[in-house]
Amino acid sequence: LHSACLCSRDLGWAEPKSFLKGLSDKQREEHYFCKDFIKLKKIPMWKETAKGLAGKVENPKYKKDKQLNEKISLFRGDITKLEVDAIVNAANNSLLGGGGVDGCIHRAAGSLLTDECRTLQNCETGKAKITCGYRLPAKHVIHTVGPIAVGQPTASQAAELRSCYLSSLDLLLEHRLRSVAFPCISTGVFGYPNEEAAEVVLATLREWLEQHKDKVDRLIICVFLEKDEGIYQERLPHYFPVGMCSCFSPGPPPP
Ligand code: AR6
Numbered sequence: 386l387h388s389a390c391l392c393s394r395d396l397g398w399a400e401p402k403s404f405l406k407g408l409s410d411k412q413r414e415e416h417y418f419c420k421d422f423i424k425l426k427k428i429p430m431w432k433e434t435a436k437g438l439a440g441k442v443e444n445p446k447y448k449k450d451k452q453l454n455e456k457i458s459l460f461r462g463d464i465t466k467l468e469v470d471a472i473v474n475a476a477n478n479s480l481l482g483g484g485g486v487d488g489c490i491h492r493a494a495g496s497l498l499t500d501e502c503r504t505l506q507n508c509e510t511g512k513a514k515i516t517c518g519y520r521l522p523a524k525h526v527i528h529t530v531g532p533i534a535v536g537q538p539t540a541s542q543a544a545e546l547r548s549c550y551l552s553s554l555d556l557l558l559e560h561r562l563r564s565v566a567f568p569c570i571s572t573g574v575f576g577y578p579n580e581e582a583a584e585v586v587l588a589t590l591r592e593w594l595e596q597h598k599d600k601v602d603r604l605i606i607c608v609f610l611e612k613d614e615g616i617y618q619e620r621l622p623h624y625f626p627v628g629m630c631s632c633f634s635p636g637p638p639p640p
């Protein structure tokens with residue numbers, strides 16, 4: 386098997402998938418759709434990103450946890466360029482591709498991704514399914530389907546959005562993967578308001594990481610729009626505080 390096999394449908398998807406599985410990280414590189422891919426170690430941890438941002442939060446919702454601040458990242462750019470164990474796709478129920486980030490992922494991975502997706506049948510809203518990443522620098526794609534929201538989201542739409550993240554993380558652990566990048570699920574074509582989505586995402590990731598931090602290296606929030614970057618820069622310090630905040634300082638020693 387050689388790289389041409391990843392561009393043609395002649396062999397189907399299963400054989401190229403097992404071929405890719407057998408390669409080392411270095412060997413996989415020559416099959417990537419792009420040369421300007423980004424390695425995990427080049428993606429700053431939140432503890433580094435936060436240093437460049439002004440102001441500390443007086444009443445964060447959660448305690449400062451140094452370890453968690455090394456496991457979460459805010460990255461702005463194209464998710465298809467990230468060399469991580471898995472990227473998450475904001476798909477639709479058919480899993481057969483579409484516009485937005487879904488279109489970008491299918492184009493970058495190549496037609497074998499769509500062929501494998503066809504065998505998965507459908508995916509319910511809030512659930513997730515995993516495939517190979519084919520020509521992506523990411524080894525796997527986790528496809529999830531967010532809720533469609535028009536106007537203020539209902540509690541059940543918020544629960545579905547939370548479930549997208551949790552179902553994706555379940556698959557991450559099940560497949561023993563250690564790094565994952567999420568796009569801003571549902572906030573594009575599906576209309577979920579960006580600020581409200583960020584609160585759901587941050588609470589979900591913080592609580593999940595508290596339980597599972599030893600099993601993963603990095604959860605990356607991959608934003609594409611400047612607007613989302615601004616929202617996360619403002620909200621992340623409430624969920625992942627970095628500075629020593631007076632409200633959590635130990636106080637004076639006992640007499
Ligand atoms: N990398 C990272 N994020 C991106 C990229 C990219 N290359 N391209 C767009 N985004 P959307 P949804 C951001 O609409 O709202 C599709 O047709 C984008 O700026 O892709 O869940 C599916 O097939 C936004 O912040 O997903 C479904 O039918 C975020 O990705 C429907 O859209 C999500 O926007 C799903 O809609």
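Following the numbering used here, the numbering of the sequence shown begins with 386 at its first residue and continues without gaps.
C-beta atoms are modelled at their ideal positions from N, C-alpha and C, and glycine is treated no differently.
Original post:
How is R492 classed by DSSP in three states: helix, strand or coil?
Top reply: In the structure shown, R492 sits in a helix (DSSP, three-state: H, G or I).
**OP:** Taking only the alpha-carbon atoms, compute the straight-line gap between H597 and V574 and give it to the nearest angstrom.
**Re:** Looking at the two C-alpha atoms, the distance is approximately 31 Å.
Original post:
Considering only residues of the stretch 547-604, which uninterrupted alpha helix (DSSP H) runs meet the minimum length of 4 residues and lie entirely inside it, listed in chain order?
Top reply: Counting only runs of at least 4 residues, the stretch 547-604 fully encloses the following alpha helix (DSSP H) elements, listed from N- to C-terminal order: 579-597.
**OP:** Under the assumption that L498 contacts T516 (Cβ atoms under 8 Å), give the Cβ distance between them as a whole number of angstroms.
**Re:** L498 to T516, Cβ: 6 Å. Contact.
Original post:
By the 10 Å Cβ neighbour count, where 16 or more other Cβ atoms means buried, how is C632 classified, buried or exposed?
Top reply: Note that C632 has pLDDT 49, beneath the 50 cutoff, so the model's placement of it is unreliable and the number below is only indicative. With fewer than 16 other CB atoms across the displayed protein chains lying within 10 angstroms of its CB, C632 is exposed.
Original post:
What residue does the beta strand (DSSP E) around A475 start on, and which one ends it?
Top reply: Where A475 is concerned, the enclosing beta strand (DSSP E) stretches over 471-476.
**OP:** Look up H338 in the DSSP assignment and give the residues it is bridged to.
**Re:** Not covered by the structure: residue 338. The range shown for the chain is 386 to 640.
Subject >> ligand 1 heavy atom lying under 7 Å from the CB of I570 >> reply: Yes, since a heavy atom of ligand 1 falls inside the 7 Å radius drawn around the Cβ of I570.
**OP:** Indicate whether S458 and I606 have their beta-carbon atoms separated by less than 8 Å.
**Re:** Cβ distance < 8 Å, so S458 and I606 count as in contact.
Subject >> Boundaries of the beta strand (DSSP E) in which L391 is found, first to last residue >> reply: First-last for L391: undefined, no H or E at that position.
Original post:
If we count the other Cβ atoms within 10 Å of its Cβ and call it buried at 16 or more, is G495 buried or exposed?
Top reply: Classification for G495: buried.
Original post:
Between A543 and D500, what straight-line distance do the alpha-carbon atoms span, to the nearest angstrom?
Top reply: The C-alpha of A543 lies about 31 Å from the C-alpha of D500.
Original post:
Using the C-alpha atoms, what's the distance from D450 back to S634?
Top reply: With a pLDDT of only 49 at S634, under 50, the local geometry of the prediction cannot be trusted, and the value read off the model is given with reservation. Going from the Cα of S634 to the Cα of D450 covers about 13 Å.
Original post:
Should I616 be counted as a contact of ligand 1 given a C-beta to heavy atom distance under 7 Å?
Top reply: Not under cutoff, so the answer is no.
Original post:
Which residues in the same chain as L391 place their Cβ atom closer than 7 Å to its Cβ, once the five residues preceding and following it in sequence are excluded?
Top reply: Here the set comprises P401, H416, G495, L497, Y519, R520.
Original post:
Which partner residues does L467 have in the DSSP bridge list?
Top reply: Answer is I423.
**OP:** Measure the C-alpha to C-alpha separation of C630 and K436 and round it to an integer number of angstroms.
**Re:** Summary for C630: the model assigns pLDDT 49, below 50, so the residue's position carries little reliability, and this model does not support an answer.
**OP:** Compute the Euclidean distance between the alpha carbons of L408 and V469, then round it to the nearest angstrom.
**Re:** Whole-angstrom Cα-Cα distance: 15 Å.
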